[in-house]
Amino acid sequence: MEAIILGAVQGIAEFLPISSTAHIIIAQLLLGYSIPGLSFEIFLHLGSIIAVILFFWRDITHIVSAFFRYLAKREKEDRSEFYFGLYLIVATMITGLLGVMLEDVVGNALKTPIMIAIALALTGIFLIAIERFHQVGNKSESEMSWFDAIIIGFVQTLAVIPGISRSGSTLIAGLYTGLNRDTAVRFSFLLSIPVILGSSVLAITDISAGSFRTIGTGPLIAAFITSFVTSLIGIIWLIDFLKKGRLIYFALYCFLLAAIVLAFLDEATVL
2 MEAIILGAVQ
12 GIAEFLPISS
22 TAHIIIAQLL
32 LGYSIPGLSF
42 EIFLHLGSII
52 AVILFFWRDI
62 THIVSAFFRY
72 LAKREKEDRS
82 EFYFGLYLIV
92 ATMITGLLGV
102 MLEDVVGNAL
112 KTPIMIAIAL
122 ALTGIFLIAI
132 ERFHQVGNKS
142 ESEMSWFDAI
152 IIGFVQTLAV
162 IPGISRSGST
172 LIAGLYTGLN
182 RDTAVRFSFL
192 LSIPVILGSS
202 VLAITDISAG
212 SFRTIGTGPL
222 IAAFITSFVT
232 SLIGIIWLID
242 FLKKGRLIYF
252 ALYCFLLAAI
262 VLAFLDEATV
272 L
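Following this note's numbering, the numbering of the sequence shown begins with 2 at its first residue and continues without gaps.
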C-alpha cells in the first residue's frame, strides 16, 4: 500500500508544477516511512520517464531523425528541429553539471518542512508572476535561441531544492524567455527525459539484491506500475489543462500545501 501511494504521488506530481520531490518527502513523513537507499526512487522515476517517452514517441522520433538528416544533408526543413534538439542537449548539460555540484551542497539540509514550505511558496509566487505580470510570448520552436535554452537549463537546476518544481521551473523560464505556451510545454516535457533518465542512470549502481530484499520485489513493481499509469494521466491532463486553464490554480495549491506543511509537520523532521 505504501508503494502504491508513493507511486501515485510521484506520477501525479512529476509533471505538474508542484514539485514531485516535495510531495514524496511529505508523503514519507505522513506515512512514517523513509525510503531505504535510491532503488525505490529509481523505480518511481523510471515509471515516469517511460510514460513521457511513450506519450511523446512521435516527437522524439521526428526530432532525432531530423537532427541526423540535417547533419548529413543540411536540408532547410530539418533546421528548426535540429536546433531544437541542440537546445535540449545544451539545457540538459547545464542542468546536469550544476545539478551534480548543488546536490552535494543541498544534501538533506533543505529537506526540512520549513524549507520545503518556503520553496513551495516561491514556486507559487513565480507561477503567479509569470502569468499575471509577464506578457505571454509568441516564439515557436523555430524562433528559439541559445539564450532561451541556457536560461531554461540554469533555472531547471533550482529543482534540486525540494519544493521547487522541475516542470514548473522550466515552464516558467520558457514563458519568461518569450516562448508560446505550446513550445514551452513541449520543451519542458522533452527536457524531462534526459534529465530524469540521467539522474536514474547515475544512481543505478544503488540497485542491488540487498535492496530487493529490503524493499521487496512486489512493492518495487507496484510502485513502478503506479508511477507509470499516474504519470501518463498527469501528462495528458496537464497538456489539456494548459490549453484553457491558468497557472494561478497551481500557485494556490502550492501556497495551501506550504501552509499545511508548516501547520502539521514536525519542523525537526529531516529525511
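By construction, the Cβ of each residue, glycine as well, lies at the ideal position given by its N, Cα and C atoms.
- For residue 232, the enclosing alpha helix (DSSP H) covers residues 218-245.
- Look at residue 112 here: in three-state DSSP terms it is coil, with no helix or strand label.
- In its chain, beyond the 5 residues on either side, 10, 14 have a beta carbon closer than 7 Å to the beta carbon of residue 24.
- Between residue 141 and residue 96, the gap from beta carbon to beta carbon reaches 8 Å or more.
- By the C-beta density criterion, residue 202 is exposed, having fewer than 16 other C-beta atoms within 10 angstroms.
- Fewer than three pairs of CB atoms, one per stretch, sit closer than 8 Å, so the stretch 123-139 makes no contact with the stretch 227-237.
- Bounds of the alpha helix (DSSP H) holding residue 15 are 3-15.
- With fewer than three CB-CB distances shorter than 8 Å, the stretch 248-263 does not count as touching the stretch 35-51.
- Scanning its chain for C-beta atoms nearer than 7 Å, with the 5 sequence neighbours on each side dropped, one finds around residue 172 the residues 18, 185, 186, 189, in chain order.
- Annotated as proximal: residue 174 and residue 156, with beta-carbon spacing under 8 Å.
- Look at residue 32 here: in three-state DSSP terms it is helix.
- Under the three-state reduction of DSSP, residue 248 is assigned to coil, being neither helix nor strand.
- By the Cβ test, the stretch 54-62 is not in contact with the stretch 112-125, since fewer than three Cβ pairs between them sit closer than 8 Å.
- Closest in alpha carbon position to residue 266, among 5, 168, 161, 27, is 27.
- With distances taken between CA atoms, residue 178 lies nearest to 154 out of 98, 194, 154.
- Proximity to residue 91 across 150, 118, 53 peaks at 150, based on C-alpha coordinates.
- Restricted to the stretch 108-159, the alpha helix (DSSP H) segments that are unbroken, complete and at least 4 residues in length are 114-133, 147-157, listed in chain order.
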